[in-house]
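Asker:
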Amino acid sequence: MANVKFKLVCVQGRPGSGKGTACKRIADEFGYDHLSAGELLRQERAKADSPYRELIDKLYSENSMVPSDVMCILLERAVEKSKSNKFLFDSFPINKENLETWNKRELSKKMKPSFVLFLDCPQEECEKRILDRGAGGSGRDDDVPEKLGRRFTRYEEETVPVIQHFHGLGLLKEVDANQSADEVYEKVRSYFQTG
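Residues 1 to 195 in this note's numbering are what the sequence shown spells out, letter by letter.
Printed below as a string of structure tokens:
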């Protein structure tokens, strides 16, 4: 891995804005490895021998954030296991602490985002999508009405400043995600076709 050149795109947006859907299609068409912060945590919780399982369970039950160090370790492990050198970080960094912790890690020196894809979708539409997803049996224990408020508050308080940070660096590429998945993806793919 010492001389590997990585390509990284971070994908941001409200919960329910379509990040996972867009990432799956980008991965299929452009060969990126889709690393979802939430999915990595769910996989870790499912491992009986994980040293982080109890901590993640406890924090999930409290609707609290997993420490940035743990999230970075899970991402690094996934990168090391991957056969790709192109990555989508879906919902990471989710707050300034994530960003600062990642920037102190060795791997971050080789993985600077080419750009940050921001899927902008109104909260009301995102709520509807999440509740539909939960009713459809998503298997995600945060796709329930009682956890929505906290998720959106956290997004506004913690993730919006990260998005503004990337905007200030000139890295943000914005897409109106309040459209059909196909319409959203047409715009998304144009960013990947041009680099």
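Backbone N, C-alpha and C define an ideal beta-carbon position, used for all residues, glycine too. Please read these numbers as outputs of a predicted model, since none were measured by experiment.
1. The alpha helix (DSSP H) spanning G168 covers which residue range?
2. Who does D33 pair with in a DSSP beta bridge?
3. Can we say the region 32 to 52 touches the region 106 to 125, given the rule of at least three CB pairs closer than 8 Å?
4. Go to F92, then tell me how far its beta strand (DSSP E) extends in each direction, as first and last residue.
5. Cutting at 7 Å between CB atoms, please list the residues of its own chain near A177, excluding the five before and the five after it.
6. In the DSSP output, what is Q12 paired with across the bridge?
7. Does DSSP classify L131 as helix, strand or coil?
8. Just the C-alpha distance for M1 and E80, rounded to the nearest angstrom, thanks.
9. Buried or exposed for T153, going by 16 or more other Cβ atoms inside 10 Å?
10. Is the region 146 to 165 touching the region 45 to 52, taking contact as three or more C-beta pairs under 8 Å?
11. Does the region 57 to 77 come close enough to the region 126 to 138 that 3 or more CB-CB pairs lie under 8 Å?
12. In its own chain, which residues sit with a C-beta less than 6 Å from the C-beta of K110, not counting the 5 before and 5 after it?
13. Hey, does E39 have any beta-carbon neighbour from chain D nearer than 7 Å?
Answerer: So, from the data block:
1. The sequence position of residue 168 within the sequence shown is 168, counting from 1. Looking at the DSSP string, the run of the alpha helix (DSSP H) that includes G168 is V160 to G168.
2. The sequence position of residue 33 within the sequence shown is 33, counting from 1. Answer is F87.
3. no
4. By 1-based counting over the sequence shown, the position of residue 92 is 92. It is not in any beta strand (DSSP E) - F92 carries neither H nor E in the DSSP assignment.
5. Numbered from 1 along the sequence shown, position 177 holds the residue referred to as residue 177. G13, S17, G18, L119, D120, C121 and V184, listed in sequence order.
6. As a first step, residue 12 must be located in the sequence shown, where it is residue number 12. BP columns for Q12 point to F118.
7. In the sequence shown, residue 131 corresponds to position 131, counting from 1. L131: helix per DSSP, three-state reduction.
8. The residue you call residue 1 lines up with position 1 of the sequence shown. The residue you call residue 80 lines up with position 80 of the sequence shown. Per-residue confidence for M1 stands at a pLDDT of 47, beneath the threshold of 50, marking its modelled position as unreliable; no derived number is given.
9. Taking the first residue of the sequence shown as position 1, residue 153 is located at position 153. The residue in question, T153, is exposed, as its Cβ has fewer than 16 Cβ neighbours within 10 Å.
10. no
11. no
12. The residue you call residue 110 lines up with position 110 of the sequence shown. Same-chain partners within the cutoff: F6.
13. The displayed structure is made up of one protein chain only, and chain D is not part of it.
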